Each structure stands twice: as structure tokens, then as C-alpha cells.
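I have placed the structure first, in the form of C-alpha cells, so that the comments after it can refer back to it.
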Amino acid sequence: MVKPFARFLVVLALVAAPFAAVHAEDPPDVRARNAVRVLKEIMEAPDKGIPTDLLRDAHAIAVIPDMVKAGLVFGGRRGEGLISVKGPDGAWSNPSFVTLTGGSVGFQAGISSTDVILVFRTQRGVDSIVNGKFTLGADASAAAGPVGRTATAATDSQMKAEIYSYSRSRGLFAGVALDGSAMRIDYDANTAIYGSGVTPRRIFEGGVSNVPTPIVDFRDRLEEYTQH
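Numbering-wise, the numbering used here puts 1022 at position 27 of the sequence shown, and it's gapless, one number per residue.
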């Protein structure tokens, strides 16, 4: 008979395995290409995408492709992506790599993959991530974002949020609540792309050079989608 603690370890391993696989299979350049793909696919359907005025006025935008949610009694989610910050001149910065994690407890089973986009509406959330980590709903208020051509469909509660969150799963795109999820700077991925000792602030303020093409493509795509 399997002892309760041993059974718990088996469950924990089953839940953790998909997260480990995602991290192992997505080197930074692949992550950047996937983020560009997600942006392109969502913006090609403007009637069902993020309102263009929200993107235009955003202080920062994060894209987390293929965020994995897994559960077997104890559940959790983990994703790896990029975040760019808009500078004082209105231009988008080179992106920093980030992770987004969260957990849950309850009756659940299975694995799903979801693309996540976070639109930062204030500078406070940007300042928090520059310091290395923040939690949605605690360090910055978050709400499921409105969908469509413009943000006029936003509710009063949505308009008070500092961050709008969106998800796309199985072709369906909608606002999603992600309270409790923690975003952290992925220092290992930043080192692999920009070199050792490079801080998020230095990345955002243009203090890096020889940036690989997939990273530049992400920044350029944001410029394209937010210039109008």
C-alpha cells in the first residue's frame, strides 16, 4: 500500500512535470518568436482582440505564450514570456524575460495551455516588475480586460484596474482574472540574451546592444500595433 506522504510526492511530481518541460523546451529566442506569433494572431482579429486604444496608451505589455495549467488535486500554472516598457518618447523598450506563476487547490485534473497578455495601464505596475517581482491583485490591481475595437465596453470595476489581463485558449480570446499570480524577472534568460550583470532597468532604458533578431522583432511588433 502506498503511504500518504509517498502518494503526495507522486502527485506533486505529476503536477510539476509539465512546468519543468516548458522551461526546458523554450530557450529565450524561441520564447520571443512565440510571443511575436501570439501578438500577430490576436491583432489580426481586432473585433475579438485587445482594444487598440488600450494598447496605444499602455505603459507596458507582457506576452506569455503557452502558459501551462496543470492539476491533480493540487494545481498550478506557469508561463514564460517577455515584457516591454514604453519610454518617455513613446517608443517601446527591448524586452525583459519574465515568468508568471500561480497556484490553486481543489478538485481538478488535466493539463491545458493558454496564451496570456497583460496590459499595464499605470506606471506603478511597471516600477514593481523593475524591482524583480510583483503579484497581480496585491502589488497592482488587475482585472479581466475588455475585448473589441475600443475600450468603451469596459465596466467601472475594470476601469479602476492597473493591469488588464487576457487569455487565449483553443482559439477563444477573452479577458481573464489572474489575481494571485506572481510575475518575476527571469534573470537566467536575460543573461543568455543580454549578457551577465544586465539589470531589467538597463534593458528598459536602452543600455544593451547586439540584440538578437527575435528580440528586436518583439519590440518592433509592439511599435506596429500601438502606433495608431
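Glycine included, each C-beta is placed from N, C-alpha and C at the ideal position. Since this is a predicted model, take the numbers as computed values, not measurements.
In whole angstroms, give me the CA-to-CA distance for residue i and residue j.
i: ARG1216; j: GLY1175; result: 29 Å
i: ASP1048; j: ASP1183; result: 34 Å
i: VAL1203; j: SER1091; result: 11 Å
i: PHE1199; j: LEU1167; result: 32 Å
i: PHE1129; j: ILE1037; result: 26 Å
i: ALA1172; j: ILE1112; result: 11 Å
i: GLY1170; j: VAL1033; result: 15 Å
i: GLY1076; j: GLY1143; result: 24 Å
i: THR1186; j: VAL1025; result: 15 Å
When we look at the beta-carbon of residue i and count the other beta-carbons within 10 Å, is it buried (16 or more) or exposed?
i: LYS1155; result: exposed
i: ASP1110; result: buried
i: VAL1031; result: buried
i: SER1162; result: buried
i: ARG1051; result: exposed
i: ARG1196; result: exposed
i: GLU1039; result: exposed
Only counting the same chain, and skipping five residues up and downstream in sequence, which positions put a Cβ closer than 8 Å to that of residue i?
i: GLU1157; result: PHE1115, ARG1116, THR1117, ARG1119, GLY1120, ALA1135, SER1136, ALA1137
Take residue i and list the residues in its own chain whose beta-carbon comes closer than 7 Å to its own, dropping the five residues that flank it on each side.
i: GLY1087; result: Note on identity: in this sequence residue 1087 is Trp, with Gly being the wrong assignment. The answer, listed in chain order, is SER1079, LYS1081, ARG1214, LEU1217, GLU1218.
Determine, using beta carbons only, whether residue i and residue j come nearer to each other than 8 Å.
i: ILE1045; j: GLY1132; result: no
i: LEU1095; j: ILE1059; result: yes
i: ASP1061; j: SER1108; result: yes
i: PRO1207; j: ARG1028; result: no
i: PRO1023; j: ILE1188; result: yes
Tell me which same chain residues have a C-beta within less than 6 Å of the C-beta of residue i, skipping the five on either side of it?
i: ASP1212; result: VAL1031
- Item | Runs of beta strand (DSSP E) lying entirely within the stretch 1103-1139, each at least 3 residues, in chain order | 1128-1130, 1137-1139
- Message: My parser needs the alpha helix (DSSP H) runs of 4 or more residues fully inside the stretch 1187-1216; what are they?
- Response: 1195-1199
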